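Sequence lines, in order, name chains Z and H.
Note that this note's numbering has the first sequence beginning at 203, numbered continuously upward.
Note that this note's numbering has the second sequence beginning at 5, numbered continuously upward.
We put the beta carbon where it would ideally sit given N, CA and C, even for glycine.
Bear in mind the structure is a predicted one, so any value in this text is a computation, not a measurement.
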Amino acid sequence: MPKTLQNLFTAIIALLLTGGAAASQPTADLETAVKATYLYKFAPFVTWPDPPGDNLTLCIVGADPFGDVLDRAIAGQGYNGRPFRILRLPVVSTDSGCAVAYLGGSGDQSVASALKALKGAPVLTVSQNSQAQGMIDFVNQQGHVRFRVDLAAASESHLKISSKLLAMAVSVRDVSGGPQ
Amino acid sequence: MKRVSNRMMQVIDHHRTAFVGLGLTVLVLASVAAGLYSENLHQRQVIQAARVQASIVADSLSGALAFGDQATVSQITTAIRANPEIEALIVLDDKGIPVAHYGETIALLNGRNELRTSDGFTVRVPVAEKGVVLGTVILKQRSEPLELRLARYAGAALLLVAGLSMLTIMAFDTRALARGNRRLREVMEERERAEAALRQSQKMEALGRLTGGIAHDFNNMLAVIIGNLDLFIRRYPDADPKMLRFVSGSQEAARRAAALTQRLLAFSRRQPLDPKATDIGRSIADLSDILRRTLGDAISIETLRAPGLWRANVDTSQFETAVINLTVNARDAMPEGGKLLIECANARLDQSHAEAGDDVTPGDYVMVSVTDTGTGMSPEILSQVFEPFFTTKPVGLGTGLGLSQVHGFVKQSGGHVSLSSEVGRGTTVSLYLPRSLEVSDVPVADRIVRAEHGRRDKIVLVVDDEAGVRDFVCEALTDLGYDVLSAENADQALDIFEEGTRIDILLTDVLMPGRSGRELADEALAHQKDLHVLFMTGYAQDAIVHNGKLDAGTRLVKKPFTIEQIGAELERLERTGDS
Chain Z
203 MPKTLQNLFT
213 AIIALLLTGG
223 AAASQPTADL
233 ETAVKATYLY
243 KFAPFVTWPD
253 PPGDNLTLCI
263 VGADPFGDVL
273 DRAIAGQGYN
283 GRPFRILRLP
293 VVSTDSGCAV
303 AYLGGSGDQS
313 VASALKALKG
323 APVLTVSQNS
333 QAQGMIDFVN
343 QQGHVRFRVD
353 LAAASESHLK
363 ISSKLLAMAV
373 SVRDVSGGPQ
Chain H
5 MKRVSNRMMQ
15 VIDHHRTAFV
25 GLGLTVLVLA
35 SVAAGLYSEN
45 LHQRQVIQAA
55 RVQASIVADS
65 LSGALAFGDQ
75 ATVSQITTAI
85 RANPEIEALI
95 VLDDKGIPVA
105 HYGETIALLN
115 GRNELRTSDG
125 FTVRVPVAEK
135 GVVLGTVILK
145 QRSEPLELRL
155 ARYAGAALLL
165 VAGLSMLTIM
175 AFDTRALARG
185 NRRLREVMEE
195 RERAEAALRQ
205 SQKMEALGRL
215 TGGIAHDFNN
225 MLAVIIGNLD
235 LFIRRYPDAD
245 PKMLRFVSGS
255 QEAARRAAAL
265 TQRLLAFSRR
275 QPLDPKATDI
285 GRSIADLSDI
295 LRRTLGDAIS
305 IETLRAPGLW
315 RANVDTSQFE
325 TAVINLTVNA
335 RDAMPEGGKL
345 LIECANARLD
355 QSHAEAGDDV
365 TPGDYVMVSV
375 TDTGTGMSPE
385 ILSQVFEPFF
395 TTKPVGLGTG
405 LGLSQVHGFV
415 KQSGGHVSLS
425 SEVGRGTTVS
435 LYLPRSLEVS
445 DVPVADRIVR
455 AEHGRRDKIV
465 LVVDDEAGVR
475 DFVCEALTDL
485 GYDVLSAENA
495 DQALDIFEEG
505 TRIDILLTDV
515 LMPGRSGREL
525 ADEALAHQKD
535 LHVLFMTGYA
545 QDAIVHNGKL
555 DAGTRLVKKP
565 FTIEQIGAEL
575 ERLERTGDS
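Following this line, the structure appears as structure tokens:
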């Protein structure tokens, strides 16, 4: 059924080019996949005070919405020539060795307590749909996966976030306070 | 130093075309190389520009591409579109799916990073941040169109062509100039040679005039000396023998002086052709010493004289010159040695000869032939040998006048020349000289003895501007029994004729102040038809000598002369006048 295959392919390309404008809500799978890629793509736009000497570690703390989608997404990718490392933890601390930490929250450690545990540590915290928000917080906007950036929290942890990333953000909470 | 630079100039001159060609070739090659270098540089700049451009696009896109901001990607690609040099652009995400593009055709490069095509340069640049690949930008930079590039080079090419043509024109201009200079030099050299030849001939002419003039004056003085010595011996035959010996010694010296002046006149060509009965055989025998010296040891000489040889009516000294000229030619034709044969024989040319040969008058001739065993001459050369200045000898060795003299002399004498030659065998020149009809060449002195005494009842008018000559001649003629009148120039002499005085013989100098002896004779003959005229001269001039021969009926006595000689001339004159 090559015809069908071609139609399907065309649909995917159209979706990618238009950002899926036709659909009001991205499907759960697609949304998760996009978020998974974003998770590792944030890394090159962030500068840590001590550049990670070894493989850059992506931590999934608590509930893991990505599963092997994330593992597939980072396959073949690398940071400064070294493959990403994925670490799945129930509880995170400053000693966990995370560069980027997605805080899914769990009974062991809520998102808020995780943030508290990492406060001031050079770890890029990412959150979604929670009361306590990380430095980057995923939001849905007109069917698109977008994010907000808390620049104040980042600078408190001595992280520098590239203006390219800031330009993509839906909103930025600046050092002086308040969303832009 | 100057020679070296001249040599260099000659080398450059000779190889000018090669030098110019080489120069032009080098120039053209250099220009083409410069053009190619410039083109290459341009290409590299285009590639560099494409890479830089793609990198800028990739950098500005990275964020938008990473986080799927389609609007921003489109915005950036649309902005790039404003650059006309970027023909096409395509942006792929990290999965190789096109996100944005513009332009009709773009090669996807199949894994290569760059592709050069005739119309431009395509480059692929990854969109990456810190090694994280976010997508790919493929960009096609348009290269400058060929027309534009050619137009850019056309200006330079035009300058090059103009320079080349200027150089070429200049080079060939100097070539033409050099050729012109060479020709001018040749013409100048030719002219210098001609002027040198002219100067030489003028010098010889001047020398001739000078020696001729000196000889003339000497002859007058010698005439006085010889004449007075003669008179002394005639009038005082019984003088002290010792004294007579002194006088005859002086006479001998004076005669030798006279012979010397004759040689001077011969050199100056003032000597008139004086044909007289000549024993050709004896002349050649007299010359044998000179001829042997002329020929050298390698050439033997043989002389054959036919019995009963007639006498020829020629000028002896000119004849001798002719024989010497022929001998010199024969010698030069026999550089390896050989044999020279001189033959004398009588020849009677009849009508058949006259018809065969040109200008041959039938009659009796004395034939003299000179034969060598030398190189001989081809018919072409043979036809030219009598032309003045024609010579087969190297420059400086021959005047080209030898055979001209022979020819001129023989023709003037009323004879003719025949020439036969065969290459490699030798040459024979035969002179046919007119037979002398004079019975005998009786020594003049013999007749003077008979005529010495007795009155002659003849009146001689002696005209000469030189008092010494005049006085001597008057005394001598008185001694010979003539009645003598004298005048020192033509006017005085004509006065005497106009007075009606009857004159039998006019004895006049030729060259005198005022009217010449020739003019005097003409006017005197107008007064008195039966007048006998005898000229005396130191040298002959055109006034009485034409073409080197005396006018018919003109009688001449050469100064200096002895009393016997003048007596004999006067007697001869009277005899022809009586007969």
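Three-state secondary structure (DSSP) of residue i
| i | result |
| --- | --- |
| T587 of chain H | Absent from the structure is residue 587 of chain H, since the part of chain H shown begins at 5 and ends at 583. |
| G231 of chain H | helix |
| F268 of chain Z | coil |
| S440 of chain H | coil |
| F236 of chain H | helix |
| D513 of chain H | strand |
| F71 of chain H | coil |
| V389 of chain H | coil |
| Q4 of chain H | Given that chain H is displayed from residue 5 to residue 583, the structure contains no residue 4 of chain H and the question cannot be resolved. |
| S359 of chain Z | coil |
| N342 of chain Z | strand |
| I303 of chain H | strand |
| D591 of chain H | With chain H represented from 5 up to 583, any question about residue 591 of chain H goes unanswered, as that position is not in the structure. |
| K366 of chain Z | helix |
| Y281 of chain Z | strand |
| H19 of chain H | coil |
| G518 of chain H | coil |
| L465 of chain H | strand |
| Q227 of chain Z | Here Q227 of chain Z scores only 48 on pLDDT, less than 50, and its place in the model should not be relied on; the value that follows carries that caveat. Three-state DSSP puts Q227 of chain Z in coil, outside helix and strand. |
| P245 of chain H | helix |
| Y486 of chain H | coil |
| T379 of chain H | coil |
Proximity to residue i [Cα-Cα], best of the options
| i | options | result |
| --- | --- | --- |
| V477 of chain H | H:A158, H:A37, H:I229 | H:I229 |
| V30 of chain H | H:L171, H:P241, H:P517 | H:L171 |
| A371 of chain Z | Z:Y240, Z:E233, Z:D231 | Z:Y240 |
| A530 of chain H | H:E502, H:Y157, H:R85, H:T512 | H:E502 |
| I90 of chain H | H:N329, H:D123, H:R439 | H:D123 |
| A275 of chain Z | Z:R290, Z:L353, Z:Q343, Z:T234 | Z:T234 |
| P292 of chain Z | Z:D266, Z:R284, Z:D273 | Z:D266 |
| M383 of chain Z | Z:T259, Z:R375, Z:L232, Z:I288 | Residue coverage of chain Z in this structure runs from 203 to 382, which leaves residue 383 of chain Z outside it and unanswerable. |
| K318 of chain Z | Z:Q330, Z:G309, Z:Q335, Z:N331 | Z:Q335 |
| Y242 of chain Z | Z:L326, Z:V313, Z:D252 | Z:L326 |
| R460 of chain H | H:G430, H:D495, H:S520, H:G571 | H:G571 |
| L299 of chain H | H:A310, H:F565, H:F236, H:L330 | H:L330 |
| L577 of chain H | H:L538, H:S42, H:L93, H:E568 | H:L538 |
| I101 of chain H | H:T126, H:D534, H:R116, H:G72 | H:G72 |
| A263 of chain H | H:S292, H:H220, H:V488 | H:H220 |
8 Å contact criterion, which residue i and residue j should meet: CB distance rounded
| i | j | result |
| --- | --- | --- |
| D469 of chain H | M516 of chain H | 5 Å |
| S295 of chain Z | G322 of chain Z | Rounded, the Cβ-Cβ distance is 12 Å, inconsistent with contact. |
| I80 of chain H | V61 of chain H | 7 Å |
| L305 of chain Z | S329 of chain Z | 5 Å |
| T379 of chain H | A351 of chain H | Rounded, the Cβ-Cβ distance is 27 Å, inconsistent with contact. |
| L560 of chain H | T541 of chain H | 6 Å |
| L407 of chain H | V389 of chain H | 5 Å |
| C348 of chain H | I294 of chain H | The pair is not a contact, with the Cβ atoms about 17 Å apart (cut-off 8 Å). |
| A245 of chain Z | L258 of chain Z | 6 Å |
DSSP beta-bridge partners of residue i
| i | result |
| --- | --- |
| E426 of chain H | H:G430 |
| A349 of chain H | H:M371 |
| I90 of chain H | H:Q145 |
| M540 of chain H | H:D513, H:V561 |
| I262 of chain Z | Z:R290, Z:Y304 |
| F247 of chain Z | Looking at the DSSP assignment, F247 of chain Z forms no beta bridge with any residue, so it has no partner. |
| F349 of chain Z | Z:F340 |
| V50 of chain H | Beta-bridge pairing links V50 of chain H to no other residue. |
| G139 of chain H | H:D97, H:V131 |
| T126 of chain H | H:L119, H:K144 |
| K280 of chain H | H:V318 |
heavy atom of the ligand ADP below 7 Å from residue i C-beta
| i | result |
| --- | --- |
| A356 of chain Z | By its list of ligands, the structure shown contains no ligand whatsoever, and the ligand ADP lies outside what it can speak to. |
>> For the structure I just gave you, are there three or more beta carbon pairs, one from the region 333–345 of chain H and one from the region 289–303 of chain H, closer than 8 Å?
In response: The region 333–345 of chain H vs the region 289–303 of chain H: in contact.
>> With a threshold of 8 Å, are at least 3 pairs of Cβ atoms found where one atom belongs to the region 134–145 of chain H and the other to the region 95–103 of chain H?
In response: yes
> Does the region 76–88 of chain H come close enough to the region 116–136 of chain H to have 3 or more Cβ pairs within less than 8 Å?
Replying inline: no
> Within the chosen definition, does the region 24–38 of chain H reach the region 57–67 of chain H through at least 3 CB pairs nearer than 8 Å?
Replying inline: no
> Three or more C-beta pairs closer than 8 Å, one from the region 406–420 of chain H and one from the region 434–443 of chain H: is that the case here?
Replying inline: yes
> Pairing CB atoms from the region 253–263 of chain Z with CB atoms from the region 150–163 of chain H, are three or more of them under 8 Å?
Replying inline: no
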